[in-house]
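Heads up, the thing below is written out as structure tokens.
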Amino acid sequence: MGIQKTKIIVLITLCLVLLGLGPVWAAQNDLVRISVDATATGESLRHVWQYYGYDECNYTTSSGARELMKTLANINTEPVYLRQHFLLASGDGKPSLKWSSTNIYSEDAAGNPVYYWPIMDEIMDAIVASGSRPLIEIGFMPQDLSVKPTPYKSSDPFGMKGYGVYYPPKDYQKWAELIRQWVRHSAQRYQNVEKTWLWELWNEPNIRYWQGTFEEYCKLFDYTEFALHEILPKASLGGPHTAGAPPFLRQFLEHCLKGKNYVTGQPGTRLDYIGFHSKGRTKYINGHPQMDLGQNLRTNQQGFAIIADFPEFRNTPIIIGECDPEGAAALSSRVHPANGYRNGSAYAAYEVALMKHTLDLAAHQGVNLQGVLTWAFMFDGKDYFEGFRTLSTNGIHKPVLNAFKMLGMLQGRRIPLTSSGALGLEQILEKGIRYKPDIDGLAVATKESVQTLMWNYHDDMVKAAPASVELTIKAPKNNPTRARIAHYRIDVNHSNAYTRWLEFNSPQTLGPDTLARLHAAGELELLEPVRFCDVHNGKVKLNFSLPRYGVSLIGIRWGP
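The sequence shown begins at 48 in the numbering used here and counts up one residue at a time.
Below, the structure written as structure tokens:
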């Protein structure tokens, strides 16, 4: 079958699924009862989702990226952190899929280092100006410092094996001096670098991104840690940011705990936070995309378990440095239909469910989860709704970005929520979400308000009847008599610019009116006008329909 024909079939199928015309999976006839207890005490909800990343660091300085960074900073009450690949790569500073460069380091004819700051400064200036903070990924290897300088870069965006940008340094002392110079330059140029920036070494050194050995990675980490903390003693450096939770992670923790330090010769290396990556997986089966949230959570569980095995690291902060439905943001759903979830509300529902269940996993396993990074941002100069894993498309917000707006709105202490439609963490870990949907939620409260975030998620992107939900909220003990209700919704028809774009016949050339409508459709939307209701017998009861892949945030403010 020709590529063009395959693309057409995929697009038609995805449109049918989105508009509710695809194959029927199952009906949702039973009433789902969700109960929230605002009289209960609880700990403050930890925000872990304000971390984002992308391959192409040079995108950071584009106008679209600047606007998106500002949006991310504005929708989150906690500091936003941004992570990128290729910050140390040699080149002209022009991005392409899975490639960027800053040309920060080169050597003259005599082999002396030459440091070049303009491209790096532009990138960091843009991040800081947006109100965000860098999570610096120290990598990859400058060409003149690589033990294998040629060939340096692959013409294939996914090609890594044998290319010098992914190799160890030829001289670890020169590498350490590069780190000193970079860190010193950053601290002189920006405020509070030592206290507010995060640093980590490399990306997924257990797979093709690292063309050295495990021992060489540990050596590079030791030299990096020594150089960084020589300039900024209180800076936070993490690692190893492995793909998944492999033996490499355990071995690295053992090295940091008691292995011989390659710089000092003494046992152990300082490690300020622990990073690993976690992905679900997608398939295209029976004419529809299928996700696997259970796989994503199992990897989180495995990473937490390895860390919990070390009492010395039990309280060390953990950042899941990439946590996504699958592993290739730059692989468009146009050519890989299994990634067809990316433009619509399925991605939004996946993310809110992922965050809640990951928080519960961390609490259950007794580890210190600090961040869950979403490897999605934007791609410059690409088609509208191309099918990349992004938060926006040419400045138009996708439903998944509205999910992060909802998460950012959550404030207060976490309070108990039960749902008759929840599968429960244990069942999701064991069986995934393949038979019944997971209709669950997360609730927080302050003295004046309650916020309840709910979703209807299933791994299979097929047509299904909406769920009928009865939400009961037990009012706080100060006996309020009235409640102001604001109900925000993401679904096919709300907070969803993709649906509107399809209704406009999927245009790539947009006039001012169409563009304005799509921008408006991409904003977070109320399901109904704000209204008031009485509190009866100390409770507020609400009934509503929650479609498959629908996400609802209901905010209640108490009044006399």
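Glycine included, each C-beta is placed from N, C-alpha and C at the ideal position.
Nonlocal neighbours in the same chain, by C-beta distance under 6 Å from residue i, ignoring five residues either side
i      : result
TRP422 : GLY100, GLU369, ASP371, ALA376
ASP191 : SER153, GLU154
LEU318 : CYS303
GLU103 : PRO142, SER147
VAL240 : SER233, ALA234
Collapsed DSSP secondary structure at residue i in the structure displayed
i      : result
THR519 : strand
TRP246 : strand
TYR535 : strand
LEU505 : The question names Leu, but residue 505 in the sequence shown is His. Of the three classes helix, strand and coil, the one that applies to HIS505 here is coil, per DSSP.
GLU35  : Past the edges of the chain, shown from 48 to 607, lies residue 35, and the structure says nothing about it.
THR271 : helix
VAL240 : helix
LYS305 : helix
LYS145 : coil
ILE183 : strand
TRP222 : helix
GLN337 : strand
GLU495 : coil
GLY471 : coil
TYR397 : helix
VAL598 : strand
ASP430 : coil
ALA512 : coil
ASP139 : coil
GLY206 : coil
Close Cβ partners of residue i (< 7 Å) along its chain, the five nearest in sequence each way excluded
i      : result
GLY602 : SER496, GLN498, ALA533
GLU263 : PRO215
VAL175 : TYR237
LEU448 : LEU438, SER439
Beta-carbon spacing of residue i, residue j below 8 Å
i      : j      : result
GLN337 : ASP506 : yes
LEU267 : LEU284 : no
LYS403 : LEU489 : yes
PHE424 : THR440 : no
ASN250 : HIS132 : yes
TRP229 : TYR270 : no
PHE187 : LEU129 : no
THR86  : PRO523 : yes
TRP246 : ILE185 : yes
PRO196 : PRO252 : no
SER392 : GLY569 : no
ALA511 : ILE486 : no
GLN298 : PRO364 : no
TYR545 : MET453 : no
THR329 : GLU373 : yes
ILE462 : ASP77  : no
SER179 : VAL95  : no
LYS586 : LYS521 : yes
LEU472 : LEU401 : no
First and last residue of the uninterrupted beta strand (DSSP E) at residue i
i      : result
ASN362 : No beta strand (DSSP E) contains ASN362, which DSSP labels as neither H nor E.
LYS586 : 586-593
VAL447 : Counting along the chain, VAL447 falls outside any beta strand (DSSP E), though it belongs to the alpha helix (DSSP H) covering 446-456.
GLY89  : Where GLY89 is concerned, there is no enclosing beta strand (DSSP E), given that its DSSP letter is neither H nor E.
GLU251 : Element bounds for GLU251: n/a, residue is neither H nor E.
SER553 : Taken as a continuous stretch (DSSP letters only), SER553 belongs to no beta strand (DSSP E), as it is neither H nor E.
ILE332 : 330-332
Limits of the unbroken alpha helix (DSSP H) element including residue i
i      : result
TRP548 : 544-550
CYS580 : Unbroken run through CYS580 is the beta strand (DSSP E), 578-581; no alpha helix (DSSP H).
GLU169 : 165-176
THR346 : 340-355
LYS524 : That residue, LYS524, is in no alpha helix (DSSP H); it is neither H nor E in DSSP.
GLU373 : Unbroken run through GLU373: none, as it is neither H nor E.
ARG113 : 110-122
Other residues of its chain near residue i: CB distance less than 8 Å, five sequence neighbours each side excluded
i      : result
MET207 : SER201, TYR213, ARG255, TYR256, GLN258
ALA173 : THR107, THR108, ALA112, ARG113, MET116
LYS429 : PHE435, THR440, ASN441
MET171 : PRO181, SER233, ARG236, TYR237
Those residues which DSSP pairs with residue i across a bridge
i      : result
ASN415 : PRO364
PHE323 : THR289, ILE367
ARG481 : According to DSSP, which records beta bridges pairwise, ARG481 is partnered with nothing at all.
PHE424 : THR437
GLY100 : ARG130
ASP84  : LYS521
TRP605 : ALA530
THR465 : SER82
TYR152 : TYR162
SER193 : PRO216
ALA157 : According to DSSP, ALA157 bridges with nothing at all.
PRO608 : Because the chain here runs from 48 to 607, residue 608 falls outside it and cannot be looked at.
The ligand PLP heavy atom lying under 7 Å from the CB of residue i
i     : result
TYR98 : Absence of the ligand PLP from the depicted structure is noted, as is the absence of any ligand whatsoever, leaving it without description.
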